[in-house]
Amino acid sequence: MSTQEAPLHSPDYSVTYVRALGRFFTRWSRFKGRASQREFWIPALTIAFITFLLNWLQSWMTNHSDIATEWVDVLERAMGIAGLALFIPAFSLAWRRLHDSGMAGGWAFLSFIPVGRIVLFFMLLRRTRPGPIKLEREDPEFLNPAGGPSASGVQTYLILVQVVLLIFTVISFIAGMNNNYLLQVDGSPSQHHAEGAWNYMSWAAVLGGCFLVFFIISLIVRGVTATRGYADQRA
């Protein structure tokens, strides 16, 4: 007998495997509110298992010379794009899981520190803290269900996406410049350095273009939100 699914603005403490994966994507931009242990660990362990299989497949393809290098590159880039696409949903899920354990969501930034990931792992293992959480951490729809969805989650998502894109753009640009420098100082130009410079600079251009697109979208969202707020005040 299946249990009734909780609203998106509330944690689901009896969530099933399929529902947990569905809520992982449908709540991808929510940094307010809670996420139960099952809501967090089902998607987290699933992604970890799939990542392990893909890394093993990439290693196996690399060690077999009869497989074209292009296919290995395609798999590597596909994994990079998938990781970038899943970053925000996973980050917001960890943020809400920390709220559910009675901690500030900002501790999720420990995931950017190698040693901090171990500390964050044990934080995410904490049990649900009973009772209400701080109002600034609660989902606005949970506090006011009749008020409709909040635009703050979308704005937060856009900001985080821009930060991630900017970081990867800078990394790709620096790597491309480094390969270009090695290509110039090397007495015998290396095809590896030439291909590396082209690939990294291409990635920098693509990621920079995506950053520009999300930056324009964020400006539009801010403008629309400000216009609605001004209209509500006049009304």
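For the sequence shown, position 157 matches number 152 in the numbering used here, and the numbering has no gaps at all.
All residues carry an ideal CB built from backbone N, CA and C; glycine is no exception.
Query	Result
Inter-residue spacing [alpha-carbon to alpha-carbon] between Ala77 and Ile83	11 Å
Three-state secondary structure assigned by DSSP to Phe168	helix
Beta carbon of Ser213 nearer than 8 Å to that of Ile154	yes
Reduced DSSP secondary structure (H/G/I, E/B, other) of Gly143	At Gly143 the pLDDT is 49, less than 50, meaning the model places this residue with poor confidence; the figure from the coordinates comes in the next sentence. Coil, per DSSP.
Anticipated Cβ contact below 8 Å, Met56 with Trp66, distance rounded	6 Å
Inter-residue spacing [alpha-carbon to alpha-carbon] between Leu202 and Phe26	24 Å
Nearest-angstrom Cα separation, counted from Arg124 out to Ser197	47 Å
N-terminal and C-terminal residue of the alpha helix (DSSP H) that Thr57 is part of	32 to 58
Neighbourhood of Leu81 by C-beta distance below 8 Å, restricted to the same chain and skipping five residues each side	Ile42
Nearest-angstrom beta carbon gap, Ser24 and Tyr8 [assumed within contact, 8 Å]	Not really, about 22 Å apart at Cβ, beyond 8 Å.
Cβ-based burial, His59 [other Cβ within 10 Å; buried from 16]	exposed
Among Val216, Asn173, Leu161, nearest to Leu79 - alpha-carbon criterion	Leu161
Presumed contact (8 Å Cβ cut-off) between Ala99 and Leu93, rounded CB distance	7 Å
Environment of Ser87 [buried if 16+ CB atoms lie within 10 Å]	buried
Length of the line joining the Cα atoms of Ile169 and Asn50	25 Å
Per-residue DSSP class, three states only, for Gln(-1)	coil
Arg72 to Ala103 span [Cα, whole Å]	26 Å
Distance between Tyr176 and Arg91 (C-alpha atoms, nearest Å)	44 Å
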